[in-house]
Amino acid sequence: MTAERARITVFDTTLRDGEQSPGCSMNQQEKLRLAHQLDRLGVDVIEAGFPIASEGDFESVKAIASVVRRPIIAGLARACRPDIERAWEALKDAARPRLHVFLATSDIHLQYKLRITPDQCVEQAREAIRLAKLLCDDVEFSPEDATRTDPDFLCRVLGAVVEAGATTLNIPDTVGYTIPAEFGDLITTIRQRVKGIENITISAHCHNDLGMAVANALAAVAAGARQVECTINGIGERAGNASLEEIVMAMRVRPDQFAYETGVVGEQIFAASQMLSEITGVPVQPNKAITGRNAFAHEAGIHQDGVLKNPLTYEIMTPQSVGVPDSILVLGKHSGRHALGIRCEQLGYQFDRRALDDIYRRFVRLADKIKKVEDHHLLELIRDTHKPSGSATPLIEPLAPAKAAAVNAPSPVPEPAKPFPMGPQTNAFGVPLPVHGDSRHEQTQQEDYLWGV
Ligand code: KIV
Ligand code: ZN
Numbered sequence: 135m136t137a138e139r140a141r142i143t144v145f146d147t148t149l150r151d152g153e154q155s156p157g158c159s160m161n162q163q164e165k166l167r168l169a170h171q172l173d174r175l176g177v178d179v180i181e182a183g184f185p186i187a188s189e190g191d192f193e194s195v196k197a198i199a200s201v202v203r204r205p206i207i208a209g210l211a212r213a214c215r216p217d218i219e220r221a222w223e224a225l226k227d228a229a230r231p232r233l234h235v236f237l238a239t240s241d242i243h244l245q246y247k248l249r250i251t252p253d254q255c256v257e258q259a260r261e262a263i264r265l266a267k268l269l270c271d272d273v274e275f276s277p278e279d280a281t282r283t284d285p286d287f288l289c290r291v292l293g294a295v296v297e298a299g300a301t302t303l304n305i306p307d308t309v310g311y312t313i314p315a316e317f318g319d320l321i322t323t324i325r326q327r328v329k330g331i332e333n334i335t336i337s338a339h340c341h342n343d344l345g346m347a348v349a350n351a352l353a354a355v356a357a358g359a360r361q362v363e364c365t366i367n368g369i370g371e372r373a374g375n376a377s378l379e380e381i382v383m384a385m386r387v388r389p390d391q392f393a394y395e396t397g398v399v400g401e402q403i404f405a406a407s408q409m410l411s412e413i414t415g416v417p418v419q420p421n422k423a424i425t426g427r428n429a430f431a432h433e434a435g436i437h438q439d440g441v442l443k444n445p446l447t448y449e450i451m452t453p454q455s456v457g458v459p460d461s462i463l464v465l466g467k468h469s470g471r472h473a474l475g476i477r478c479e480q481l482g483y484q485f486d487r488r489a490l491d492d493i494y495r496r497f498v499r500l501a502d503k504i505k506k507v508e509d510h511h512l513l514e515l516i517r518d519t520h521k522p523s524g525s526a527t528p529l530i531e532p533l534a535p536a537k538a539a540a541v542n543a544p545s546p547v548p549e550p551a552k553p554f555p556m557g558p559q560t561n562a563f564g565v566p567l568p569v570h571g572d573s574r575h576e577q578t579q580q581e582d583y584l585w586g587v
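Numbering (this note's numbering), first residue to last: 135 to 587.
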């Protein structure tokens with residue numbers, strides 16, 4: 135019998151907190167396009183903006199609320215009447231509106247930013263939630279800078295807003311200060327000490343200043359949070375927010391550690407990431423987990439050889455599971471003969487072992503100089519190596535067009551590595567090539583492994 139898996143609400147704030155990152159602002163049309171993609175991605179909540187911040191933000195939230203009907207649409211407001219009323223004005227036509235009200239609670243923020251006393255803070259939070267509740271059933275409260283707030287005071291504020299009608303308590307690590315065990319403990323404390331918490335959804339909102347946003351969000355979930363706030367590609371203020379794709383895929387790849395599920399459609403992740411990058415003009419960091427262009431790229435020979443034999447050797451999820459078309463074997467100086475041979479086949483050329491060795495030696499010299507060997511370089515190298523007077527071992531056979539097409543056709547199940555050569559062949563000059571497939575088969579696994587390097 136499989137154990138029941140808790141459902142985690144995915145609250146996407148790419149259009150609000152994400153948009154606050156330098157260079158990531160979007161106009162109304164762009165926000166709408168991305169909101170439709172977030173809908174296809176299956177997120178539960180889209181935080182569409184901060185309506186009081188600008189006319190443009192107000193119009194964007196209003197437009198998204200009127201056309202994106204499946205997810206909850208949230209709008210952000212400070213804990214004051216003008217903000218809450220403006221946010222409601224933008225949200226009121228949504229199929230499922232949510233008012234998200236925040237107020238800082240840490241001493242540093244109360245003293246230097248808001249200049250209010252702790253008692254005033256409690257009263258302001260309570261009044262704001264009462265007002266929000268008169269307008270909207272679904273009300274979320276965030277004590278900004280919660281992780282630097284005295285836990286006793288934090289529980290006091292949270293108790294007051296629960297009593298006033300909040301339905302979700304979001305715990306922000308606003309400055310990315312906490313660490314996983316500590317954040318988990320804070321969630322546990324809140325669950326133990328806040329009156330009425332049983333009927334409330336606890337949420338985690340983590341920033342990445344110490345690179346721990348995703349780990350902190352997952353620790354919060356392990357401690358009982360049932361909503362995570364996150365962004366595509368992890369964009370957001372300063373070092374960003376917890377990345378949606380990393381949280382979701384951690385849960386999918388390690389169900390033994392994270393017995394939770396989300397409504398996210400994995401196959402839509404890459405499209406969302408690419409769309410965001412295209413709209414903002416901000417490229418995804420190449421080594422970004424899940425969505426970076428190197429996330430499924432292999433250059434080292436040992437890795438390429440392993441992946442060609444069985445992708446499980448070096449990939450913990452399939453590229454297809456997150457919507458990436460395929461793994462990429464990058465041909466560079468670390469690549470091995472195995473990957474080079476496969477790429478030659480894809481380009482329509484088959485070589486026996488000796489011929490491939492010949493190409494390989496020249497390939498490594500070239501890769502040393504130019505770093506990444508593209509197809510046109512390889513074709514030139516093949517032609518040059520095997521021109522009638524140019525090679526010691528002119529053993530080359532361009533594949534017939536039909537065969538080349540078959541080699542190039544994407545295959546859903548990776549084929550097992552084939553020995554070289556693949557059958558009786560002739561070289562470019564019509565001379566039959568020696569058949570030594572059997573001796574190749576006799577090689578030990580260890581030799582085969584090293585040959586791929
Ligand atoms: O980081 C933060 O504290 C926020 C709140 C407004 C939720 O973004
Ligand atoms: Zn934030």
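The beta-carbon is built from N, C-alpha and C at its ideal position, and this holds for glycine as well.
query, result
"Exposed unless 16 or more other CB atoms sit within 10 angstroms - verdict on Asp217", "buried"
"beta-carbon Thr312 near the ligand KIV non-hydrogen atom, thresh 7 Å", "no"
"Cα-Cα separation between Gln361 and Pro306, rounded to whole angstroms", "12 Å"
"Cβ pair count under 8 Å reaching 3, the region 175-182 against the region 199-212", "yes"
"Any 3 or more C-beta pairs closer than 8 Å across the region 461-476 and the region 439-449", "yes"
"Span separating the alpha-carbon of Ala406 from that of Leu175", "7 Å"
"Sufficient close CB pairs (3 or more, under 8 Å) joining the region 288-296 to the region 312-327", "yes"
"Phe275 CB to nearest heavy atom of the ligand GDP below 7 Å", "The ligand GDP is not part of the structure shown, which contains the ligand KIV and the ligand ZN as its ligands."
"Coil, strand or helix - Leu225 by DSSP", "helix"
"Sequence-distant residues of the same chain with beta carbon closer than 8 Å to Arg139, five excluded per side", "Pro389, Ala393, Tyr394, Glu395"
"CB contact flag (Leu233, Val195, <8 Å)", "no"
"C-beta contact flag for Asp146 and Cys364 at 8 Å", "yes"
"His341 versus Ile334, Asn350, Ile366, residue with shortest Cα-Cα distance", "Asn350"
"Secondary structure of Ile305, DSSP reduced to three states", "strand"
"Beta strand (DSSP E) segments (min. 3 residues) lying fully within the region 290-368", "302-307, 335-340, 361-364"
"Spatially closest choice to Val235 from Pro156, Asp460, Asn304, Ile381, by CA coordinates", "Asn304"
"Expected contact under 8 Å - CB spacing of Gly152 and Ile366 to nearest Å", "7 Å"
"Contact under 8 Å by Cβ, Ile369 with Ser155", "yes"
"Segments of 4+ residues assigned as alpha helix (DSSP H) that fall wholly inside the region 220-273", "252-269"
"Simplified DSSP state of Thr143, which is helix, strand or coil", "strand"
"Distance between Phe430 and Asp460 (C-alpha atoms, nearest Å)", "8 Å"
"Simplified DSSP assignment, three categories, for Ala277", "A small fix is needed here, since residue 277 is Pro in this sequence, not Ala. Pro277: strand per DSSP, three-state reduction."
"Within 8 Å, strictly: CB atoms of Ala259 and Val295", "yes"
"For Gly374, three-class secondary structure by DSSP", "coil"
"Exposure label - Leu244; buried when at least 16 CB within 10 Å", "buried"
"Gly183 (DSSP reduced to helix, strand or coil)", "strand"
"Ala208 - partner residues in DSSP beta bridges", "Glu181, Arg232"
"Lys506, DSSP secondary structure in three states", "strand"
"Euclidean distance between Cα positions of His511 and Arg203", "50 Å"
"Contacts around Leu463, its chain only, beta-carbon distance under 6 Å, and the 5 residues preceding and following it disregarded", "His432, Gln438, Ala473"
"Cβ neighbours of Tyr583 in the same chain (closer than 6 Å, five flanking residues each side left out)", "Residue placement at Tyr583 cannot be trusted, given a pLDDT of 42 that sits under 50; the coordinates are not used to answer."
"Where the alpha helix (DSSP H) through Lys422 begins and ends", "Unbroken run through Lys422: none, as it is neither H nor E."
"Residues that Ala431 bridges to, as DSSP identifies them", "Ile462"
"Local conformation of Tyr494 per DSSP, three classes", "helix"
"Nearest-angstrom beta carbon gap, Ala356 and Ala338 [assumed within contact, 8 Å]", "Not really, about 10 Å apart at Cβ, beyond 8 Å."
"Residues of its chain near Gly299, where Cβ-Cβ distance is below 8 Å and the 5 sequence neighbours each way are ignored", "Ile263, Arg264, Ala266, Lys267, Val273"
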